[in-house]
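Chains as they are written, first to last, in the numbering used here: chain A, 15 to 296; chain B, 15 to 296; chain C, 15 to 296; chain D, 15 to 296. Heads up, the thing below is written out as structure tokens.
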């Protein structure tokens, strides 16, 4: 490939994959708006009364967005050095799934499930934001959640076992005539109650059932203290270890939005000249 | 303007805008009672059975309060040195909106929406209380909330994205026949469930839907730990930095209730002789 | 009064008011059982099907308990040195209210409201337990709650104002046809939603209403973090100040259950020979 | 008993009771799958439509599992040295209850309650997992919960008393015509509301009732802060005392899965040669 062409590719790569240049930032803002618009379209299309009235408008808008996303997808493949790696990456698949459903609808008509699949486009938002600034702000939070993972796992396991056992008891006590028609349904009710959601679509009718339900509620009310306590304590200890300077862009917090044109690796240091993963010139 | 008149204006300004003199305190107490009475009037008026029976009484009371508020509004404009600044300030607009709806009803009849607009009068409560004593008591809390702002922002953003994606899945699983008639409605259901509110106006009917709902609930139950943990940890660290002396009125906690007659700036130091913002004599 | 009689009064006083002697403990246990039995009676009496079947039994039991409580009340008056002070104290009034309703029913028939008044007997439980051991265990908790009082006050005030303003907005948006028939009812709905209770007896039907409701829920979900954070932080700081030895009865935790026969003051030191309030010999 | 036979018993004991050898681990995995399968069977059997269609399959699977559990139960009795102690232990009873109901159904037909009793098999899961790794991870959590026990007890006691008193008041205010048909039912409603579950099967209709309900909700919303605060604070102090090395298998965290063949005591040290409880050779 000739040098000028490479430089042309480089420029496009910078615009699409990075957010350090003015053009890159503009591209990200436009993409963000397009994604949100496309999500709104998917939502509105699912509302019958709106779909009937504005079907043509929604359809055309959807085609425009699909074509825009397709062009973006192609440019992403062209400008990256290892396209296969991009295509198989998480965001590569999401990018593909953002465009495909509309094309399939050409041949098979608007399949219900496929149309809604487009809502996955929302996941693309994470890429744009790159969330660098906020990730910095919430690094301690993420660390705290990681440190609490095992404990919260044990906790959720205990909740599920409690729900199955109490659900079975409620099935025996209330029985089919009061809506507890089988054990899975009773377990569902028990989770609804333990988590203090309380839909009320199923509710105990017998005095004994209401008594057990009261115990379940108080139990759920007490159990909620456990994950909260864990996260609070872990977060406090994380904050003590890494006191953050809020609202300050220290180098070690600052995550560069550059992305390697070769391997799409991100989070390079500000003055990095070579990709830390593949050694490519940045 | 002559000196005596200025002094007369000054006195009124002190009574209305400040709470350090006996007259100023009395004025604030009366205003507080009037505001609460006016809110009760708006509430009672909206109850049909009460409105029918006591319409005349409610109407007259409302007129008395409106006129009182109008007089207060005019005095506030007259006694302040820069009336335009006051009129355009947040409280200036609230003060105006507290009086206007009733006058409009004279010409156009009782417009439903306008009548309820009067409930905004409640916002005036914040001005009177000046909340100095309590602000002192909750300064650490406010600092903790400010420090957690960015993190809680990321958290709420994540909640909304989870709600949209899970809502779309529930729409596909449950479908219109079970009340999940479109995606916005499903997302609404998902937020109702994630936040553990659980109205029960929409509830999953299929076993698969109930299974996903159970996951949503446990997720919501776990997610609630995150903001709590953040606030707890930030508040603890704030308390360690600024240990508060509860129930003690140290100078640095004490917020003077004086307000500059020129620019309406507040929170002057106790012995301040000039406004810290515009240099006006206090 | 002669010495032997005084000693007889003293003994009764020790049995009834204190829990240090064997007889005093026995009395407290019997009283506890009687109170719980009387509460169960009040509850069962309110269940129609049970009341119809066992009316005679419930009535006789109720009379026995009432007479027992009356005797206890009279002895309490006789054995205490300043009966007026006892009669006018909080527990004196509760003790009286535990007996009076049944006597009134003799003359006026079973008045509904009076019968249920007997549930107030439950408050007597607090006296018996004297909760000394547990109060020791939860002293830090009580201190933490006291320290958080002002902050939680500000917080609840803010919740009520948010509920009134959002309730009014919902009233305008949803209107009477969707159950938001007046502002008080809308405010009630708003509190139900903010606190994540979510009965579902009133639920928004319009898309805009559901959108605002979603905001209210997320707000309520976030707000719950605040009191929790306050209590956590205060409790942590209390625990750091007064590290408790759990399950250990150190003198400074131990609250003597003796009560002054003259002025009914409690919480005397273990070896105290005179009442700290009135100087009476203990 | 001859040496070879004892060695044969020893081997079986190692496989069934321990998880250190390869065979022991395999046995545990198979047992775990069998238990989960058996729970799924119990659940599916309770769903009428499934039971009708696949009755034969479910019945045969259930018999296979029951026989497997019976064989396991017998081996457990044979290989342990003090069978009586095992039979009377908690897990011994659970193991027996996992097999008995199916046999009884042979003679008396499928008794509803007995069938569901099989759900107790779930409790067996705890034994297999031995949860050693996770228990290590959550040791501080368990300590924190133990330290908070007394305080949470006082707290729950207070919640129940509040629920009874407020429930009685609601019964008086709302009365039978609005679903508050008796005091126990009102107390049930009060617990549903205090814990923010909010089924909505019973909901106040009168304005006064809704006002009291609003107070109950805000109260419940505030009360939830208390257990959370306790657990957070205790957990923080536990973490300060015993800083855990997450994801690290230090000797003092590592709980050996061996179990004494004589007395079934567990948690032996890694290099222990004799049971710490009965002195048996390990």
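Just so you know, even glycine gets a beta-carbon here, dropped at the ideal spot from N, CA and C. Bear in mind the structure is a predicted one, so any value in this text is a computation, not a measurement.
- Within the segment 214-226 of chain A, contact with chain D at the beta-carbon level (separation under 7 Å) is assigned to 214, 217, 221 and 224.
- Spanning the alpha carbons of residue 24 of chain C and residue 108 of chain C requires a straight line of approximately 23 Å.
- Take the alpha-carbon of residue 34 of chain C and the one of residue 26 of chain C: they are about 13 Å apart.
- Secondary structure note for residue 121 of chain C: its alpha helix (DSSP H) is the uninterrupted segment 114-122.
- Within the same chain, 79 and 135 come within 6 Å of residue 52 of chain D by CB-CB distance, once the 5 residues on both sides are set aside.
- Only buried fits residue 138 of chain B, as 16 or more other CB atoms lie within 10 angstroms of its CB.
- Its Cα nearest to that of residue 230 of chain A, the residue A:210 stands out among A:169, A:210, A:192 and A:133.
- Looking only at D:165, D:195 and D:205, the smallest Cα-Cα distance to residue 179 of chain D is reached by D:205.
- Cβ-Cβ separation between residue 200 of chain D and residue 182 of chain D: approximately 7 Å, consistent with a contact (criterion under 8 Å).
- Residues of the same chain with a CB within less than 8 Å of the CB of residue 110 of chain D, apart from the 5 flanking positions on each side, are 87 and 101 in chain order.
- Excluding five sequence positions before and after residue 38 of chain A, the CB atoms of its chain that fall closer than 7 Å to its own CB belong to 28, 29 and 32, given in chain order.
- Counted as a single uninterrupted DSSP element, the stretch harbouring residue 132 of chain C is not any alpha helix (DSSP H), since DSSP gives it neither H nor E.
- In this structure, the CA atom of residue 115 of chain D is about 15 Å from the CA atom of residue 85 of chain D.
- For residue 191 of chain C, the number of other beta carbons within 10 angstroms of its own is below 16, and it is reported as exposed.
- Collapsing the DSSP output to three states places residue 75 of chain C in a helix.
- Between residue 117 of chain D and residue 76 of chain D, the alpha-carbon positions lie close to 11 Å from each other.
- Using beta-carbon distances, residue 170 of chain C counts as an interface residue toward chain D, with a partner under 8 Å.
- The DSSP-derived three-state label of residue 195 of chain C is coil.
- Taking a beta-carbon distance threshold of 8 Å, residue 212 of chain C counts as an interface residue toward chain A.
- Not a single CB atom of chain C sits nearer than 8 Å to the CB of residue 63 of chain A.
- According to the DSSP assignment, residue 59 of chain C belongs to the alpha helix (DSSP H) that extends over 36-60.
- Under a criterion of Cβ atoms nearer than 8 Å, no residue of chain D is adjacent to residue 251 of chain B; the nearest Cβ is some 12 Å distant.
- Nearest Cα to residue 42 of chain B within the set B:227, B:22, B:226 and B:83: B:83.
- Counting other Cβ atoms within 10 Å of its Cβ, residue 55 of chain B reaches 16 or more and is therefore classed as buried.
- Judged by DSSP in its simplified three-state form, residue 68 of chain A adopts coil rather than helix or strand.
- When Cβ-Cβ separations below 8 Å define contact, residue 198 of chain B makes contact with chain A.
- Within the same chain, Cβ atoms closer than 6 Å to the Cβ of residue 244 of chain B are found at 162 and 165, the five residues on either side in sequence being excluded.
- DSSP places residue 80 of chain B within a helical segment (H, G or I) once states are collapsed to three.
- The beta carbon of residue 169 of chain C is closer than 7 Å to those of 240 and 241 in its chain, skipping five residues each way along the sequence.
- Between the beta-carbon of residue 197 of chain D and that of residue 57 of chain C there is about 5 Å, and that keeps the pair under the 8 Å contact cut.
- In the structure shown, the three-state DSSP call for residue 219 of chain B is coil.
- Less than 8 Å separates the beta-carbon of residue 188 of chain C from that of residue 223 of chain C.
- One thing to note: residue 214 of chain C has its Cβ no nearer than 8 Å to the Cβ of residue 106 of chain B.
- In terms of beta-carbon proximity, residue 242 of chain D lines the interface with chain B, with at least one pair separated by less than 8 Å.
- The beta carbons of residue 232 of chain A and residue 208 of chain A sit about 10 Å from each other, so the pair does not count as a contact at 8 Å.
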